[in-house]
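In structure tokens:
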């Protein structure tokens, strides 16, 4: 699945990580024997908005805890190794530790503005995350630099620059008191996921699906759920109203689906699960919300999710049931662009309608989908799925109960695919 350039990066990353781990393991991992928390497989989780661009589900904000206490509560017991403790930079607590046995770099900032020294500590741990190729976890209370202090503002700008440099290299997750108050120049707005103050469990579950860095494959977890398991309940969903979360869960290992960005763009679901042990990202139309029509907010949400999955080698499954796009605009162009640009394995199932602009947006064959399946009750454009299959727009029309088995076979084949991107500095995504 990795290109030759990505494979070379993987070797470089592995060597760097080994060098960093040589001292890290002495200072951190030898402090305690950490047992991994089993992954939850029964509850659909909800992780809040990527980049802070959404609204929270609601609820009161708890009083903030002292940064060091928040860090130690989040990490495995005894695993935290702090850097540069004390001094004038006490507003920031930075260091390394483990979450469910996995290495992370992290920082926590207290209420008030970051001074120059505190910002420098944050920048140091950002650089460590890049060098060692481990996820970066950020616990925020502060907003930015002191308005009248040039050194403080410069340090704050350096922190923002650190998040940009880490983007697409290591996963970045922020925990904040109120995701709705994360604006465009807040450090959390530049991270991949923004969780609320009670997001520790969601963070653990989220990291379980993700690689440590962009040149690593996502973690495989063996499952006893049969790959070819048939599901008669899927037969009952065909041609009838259904819940998109339930449909996604029935296709995935052990019915486990971790929904992310749940509070925005509700006409599209995004989240993670596994197929035959392999992590996979899911984008699914929710027909119960405006007939599955893709709104601008939903398109923007899904575009960010698709790009995240592509950056970290997480295959993608699109479950399509949409009557079209609601007021197509620039956000829809971003989703189309994200699907077309992605080089990860891309699978699609047309479970209902794929009509008009909705067909184009939801990863059709023409945007590079590796496999496109359809149920007999589906409607593709103005015709039935068999007509679409005859013209090559659908690869196969299958019975709903056979969907999981077909997806597993396709995924295991597509995991070996390689794609060489065009030679360019970077693409110019519509913004």
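Residue numbers (the working numbering): 621 to 1051.
For every residue, glycine included, the Cβ atom is placed at its ideal position computed from N, Cα and C.
Rounded separation between residue i and residue j - CA only
i	j	result
residue 887	residue 702	43 Å
residue 918	residue 942	12 Å
residue 900	residue 810	23 Å
residue 1040	residue 921	27 Å
residue 774	residue 780	10 Å
residue 757	residue 860	42 Å
residue 815	residue 793	8 Å
residue 855	residue 777	54 Å
residue 1032	residue 984	20 Å
residue 970	residue 991	11 Å
residue 705	residue 712	9 Å
residue 840	residue 869	18 Å
residue 910	residue 692	44 Å
residue 716	residue 1026	42 Å
residue 967	residue 825	23 Å
residue 877	residue 1037	25 Å
residue 963	residue 924	15 Å
residue 930	residue 714	29 Å
residue 675	residue 769	Its pLDDT being 38, under 50, residue 675 is placed unreliably by the model, and the measurement read from it follows with that caveat. Using only the alpha carbons, I get a separation of about 31 Å.
residue 666	residue 749	Caution is warranted here: a pLDDT of 45 is assigned to residue 666, below 50, making its placement in the model unreliable, and no coordinate value can be reported.
residue 1034	residue 993	15 Å
residue 1047	residue 960	12 Å
residue 1043	residue 830	27 Å
residue 819	residue 797	10 Å
residue 871	residue 740	46 Å
residue 735	residue 759	17 Å
residue 784	residue 898	28 Å
residue 746	residue 1030	38 Å
residue 1015	residue 1009	6 Å
residue 822	residue 752	24 Å
residue 907	residue 808	32 Å
residue 721	residue 883	30 Å
residue 761	residue 851	46 Å
residue 791	residue 812	7 Å
Residue span of the alpha helix (DSSP H) that contains residue i, given as start and end
i	result
residue 1034	1023–1034
residue 1009	1005–1010
residue 614	Residue 614 is absent from the model: the chain starts at 621 and stops at 1051.
residue 953	950–961
residue 919	916–931
residue 864	864–871
residue 856	852–857
Contact set for residue i: own chain, Cβ-Cβ below 7 Å, skip 5 residues either direction
i	result
residue 944	913, 975, 976, 977 and 978
residue 1050	950, 953, 954 and 957
residue 997	858 and 859
residue 1017	994, 996, 1005, 1006 and 1009
Beta-carbon proximity list for residue i, same chain, < 6 Å, skipping 5 on both sides
i	result
residue 1028	847, 895 and 896
residue 737	708 and 709
residue 726	757
residue 916	949 and 951
residue 687	713, 728 and 730
residue 934	838, 899 and 901
residue 987	959 and 960
One or two residues paired with residue i in a DSSP bridge
i	result
residue 887	The partner list for residue 887 (beta bridge, DSSP) is empty, contrary to what the question assumes.
residue 900	893
residue 969	939 and 993
residue 815	795
residue 945	914
residue 1016	993
residue 1000	974 and 1003
Three-way DSSP call (helix, strand, coil) for residue i in this model
i	result
residue 775	helix
residue 758	strand
residue 938	strand
residue 1045	coil
residue 706	coil
residue 981	helix
residue 876	coil
residue 1037	coil
residue 839	coil
residue 737	helix
residue 565	With the chain running from 621 to 1051 in the structure shown, residue 565 is simply not present.
residue 847	coil
residue 693	helix
residue 701	strand
Span of the beta strand (DSSP E) around residue i
i	result
residue 722	722–729
residue 712	712–719
Same chain, Cβ closer than 8 Å to residue i, neighbours up to 5 away in sequence not counted
i	result
residue 903	888, 889, 890, 922, 925, 926, 936, 937, 938, 939, 982 and 983
residue 1007	1000
residue 867	854, 857, 904, 939 and 971
Residue-level contact to chain D via CB, residue i, 9 Å cutoff
i	result
residue 740	Among the protein chains of the structure shown there is no chain D, as only one such chain exists.
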